[in-house]
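Heads up, the thing below is written out as structure tokens.
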Amino acid sequence: MLRQATRILSRPVFSNRLSVRALSTEVPATPSTDSTFIDSWKKVNPNMEPPKTPSSFMSPRPPTPSTIPSKITVNFVLPYASELATKEVDMVIIPATTGQMGVLPGHVPTIAELKPGILSVHEGNDVTKYFLSSGFAFIHANSVADIIAVEAVPVDRIDQNSVQKGLAEFTQKVNSASTDLEKAEAQIGVDVHSALNSALSG
Amino acid sequence: MASNAAVPFWRAAGMTYITYSNICANLVRNCLKEPYKTEALTREKVHFSIATWKEGKPEKPGNCPLSRTSDRVDFTVS
Numbered sequence: 001m002l003r004q005a006t007r008i009l010s011r012p013v014f015s016n017r018l019s020v021r022a023l024s025t026e027v028p029a030t031p032s033t034d035s036t037f038i039d040s041w042k043k044v045n046p047n048m049e050p051p052k053t054p055s056s057f058m059s060p061r062p063p064t065p066s067t068i069p070s071k072i073t074v075n076f077v078l079p080y081a082s083e084l085a086t087k088e089v090d091m092v093i094i095p096a097t098t099g100q101m102g103v104l105p106g107h108v109p110t111i112a113e114l115k116p117g118i119l120s121v122h123e124g125n126d127v128t129k130y131f132l133s134s135g136f137a138f139i140h141a142n143s144v145a146d147i148i149a150v151e152a153v154p155v156d157r158i159d160q161n162s163v164q165k166g167l168a169e170f171t172q173k174v175n176s177a178s179t180d181l182e183k184a185e186a187q188i189g190v191d192v193h194s195a196l197n198s199a200l201s202g
Numbered sequence: 001m002a003s004n005a006a007v008p009f010w011r012a013a014g015m016t017y018i019t020y021s022n023i024c025a026n027l028v029r030n031c032l033k034e035p036y037k038t039e040a041l042t043r044e045k046v047h048f049s050i051a052t053w054k055e056g057k058p059e060k061p062g063n064c065p066l067s068r069t070s071d072r073v074d075f076t077v078s
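Protein sequence lines correspond, in order, to chains A and B. Using UniProt numbering, read the first sequence as starting at 1 and increasing by one per residue. Using UniProt numbering, read the second sequence as starting at 1 and increasing by one per residue.
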């Protein structure tokens with residue numbers, strides 16, 4: 001596959017912007033109206049208002065500031081509700097598969113897969129903790145963090161007894177599982193319940 | 001190219017990320033305290049009806065296969 005590398009690299013780089021893909025970290029703030037569309041509309045149909053395109057209903061992407069902002073904007077969404085929408089906070093600690101990751105303003109753009117664990121949102125002296133089942137966190141160059149999870153509950157809604165029972169049940173299932181799939185499911189059960197356990201005690 | 005990096009255990013066992021994520025979510029939902037638990041369980045239900053097609057016409061939908069992702073799938077058979 002890499003035999004063609006030298007040939008491809010030595011091809012002339014086109015200066016035409018259309019064939020150069022911008023990195024997502026360098027994209028400027030997107031305008032909410034498309035000027036070429038509006039110009040062509042006006043030429044064809046000067047008397048009618050140009051129709052609004054879906055992008056004009058959306059708020060434009062915040063630009064990447066040149067200095068590090070003082071707060072990050074967090075969008076924490078679940079499939080059925082939006083927990084935090086563009087909330088400005090000082091720091092969030094997300095339970096990434098590689099460990100607890102603290103995100104401060106100016107964090108390097110990252111896509112992190114999350115494991116079952118605690119998400120803590122630090123705003124001044126307040127800390128709000130949620131237990132996430134799993135999900136992803138996208139941290140953008142403009143200090144916006146999008147955290148998505150399937151289930152997220154405040155830690156005080158977790159029932160201690162069910163967690164203990166579940167942990168015991170799944171540890172036993174791991175030992176008695178026969179097929180790979182059953183073993184994986186039992187292992188997932190053990191992981192989630194031990195994370196719940198440490199969430200309750202920690 | 002690069003050899004496959006260490007895959008998560010669930011992918012090695014043939015499970016997809018969505019299945020894994022749904023299992024985690026179901027386990028968390030089952031560990032909630034009472035009023036929240038009942039609300040959450042209503043979120044978990046999935047309704048679907050399956051019909052097999054033969055010669056361009058749907059047959060009467062028969063037994064729906066049980067989903068492995070959740071033990072609580074309710075399906076409507078129409």
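C-beta: ideal position from N, C-alpha, C; glycine also.
Leu104 (chain A), buried or exposed, once every other Cβ within 10 Å from all chains shown has been counted against 16: exposed
Inter-stretch contact at 8 Å, needing at least 3 Cβ pairs: the segment 165–173 of chain A / the segment 87–97 of chain A: no
Short Cβ contact (9 Å threshold) for Gly166 (chain A) with Val192 (chain A): Going by C-beta atoms, Gly166 (chain A) is nearer than 9 Å to Val192 (chain A).
Alpha-carbon to alpha-carbon, Lys52 (chain A) and Asn142 (chain A): Between Asn142 (chain A) and Lys52 (chain A), the C-alpha separation is close to 27 Å.
Within chain B, the residues that Gly189 (chain A) reaches when beta carbons sit closer than 7 Å: Leu27
With 16 other Cβ atoms within 10 Å as the buried cut-off, status of Ser176 (chain A): It is exposed - the Cβ of Ser176 (chain A) has fewer than 16 other Cβ atoms within 10 Å.
Reduced DSSP secondary structure (H/G/I, E/B, other) of Glu182 (chain A): helix
Straight-line Cα distance separating Glu123 (chain A) from Thr86 (chain A): 13 Å
Straight-line Cα distance separating Gly56 (chain B) from Leu84 (chain A): Going by the C-alpha atoms only, they are around 48 Å apart.
Any C-beta of chain A under 9 Å from that of Val7 (chain B): no
Neighbourhood of Gln100 (chain A) by C-beta, 7 Å cutoff - its chain only, sequence neighbours within 5 removed: Ile93
C-alpha gap between Ala96 (chain A) and Ala40 (chain B), whole angstroms: 24 Å
Cβ distance (whole Å) where Phe136 (chain A) is taken to contact Ile118 (chain A) below 8 Å: Between Ile118 (chain A) and Phe136 (chain A) the Cβ distance is about 16 Å, and since that is not below 8 Å, they are no contact.
Between the CA atoms of Glu151 (chain A) and Met15 (chain B) - distance to the nearest angstrom: 19 Å
Interface flag, Glu83 (chain A) vs chain B, CB-CB below 9 Å: No - not a single Cβ of chain B is within 9 Å of the one on Glu83 (chain A).
Cβ separation of Cys24 (chain B) and Ser133 (chain A), assumed to be a contact under 8 Å, to the nearest whole Å: 4 Å
For Thr16 (chain B), the three-state DSSP class (helix, strand or coil): coil
Chain-ordered neighbours of Gly14 (chain B) on chain A, where CB pairs are closer than 9 Å: Asp180, Leu181 and Ala184
Closer than 9 Å at the beta carbon, the chain B residues around Glu123 (chain A): Chain B residues near Glu123 (chain A): none, gap ~24 Å exceeds 9 Å.
Members of the segment 36–60 of chain B that neighbour chain A once the beta carbon cut-off is set at 9 Å: Tyr36, Lys37, Ala40 and Arg43
Counted within 10 angstroms of its Cβ, other Cβ atoms place Lys43 (chain A) as buried (16 or more) or exposed: Burial is judged here by how many other beta carbons sit within 10 angstroms of a residue's own beta carbon; Lys43 (chain A) has fewer than 16 and is exposed.
Straight-line Cα distance separating Leu27 (chain B) from Lys37 (chain B): 11 Å
Members of the segment 148–169 of chain A near chain B, C-beta cut-off 7 Å: Val150, Glu151, Val153, Arg157, Ile158, Asp159, Ser162, Val163 and Gly166
Rounded straight-line distance, which links the Cα of Thr67 (chain A) to that of Phe131 (chain A): 33 Å
Cutoff 9 Å: Phe76 (chain A) Cβ touching any chain B Cβ: no
Partners in chain B for Tyr80 (chain A), counting only beta-carbon separations shorter than 8 Å: Arg43
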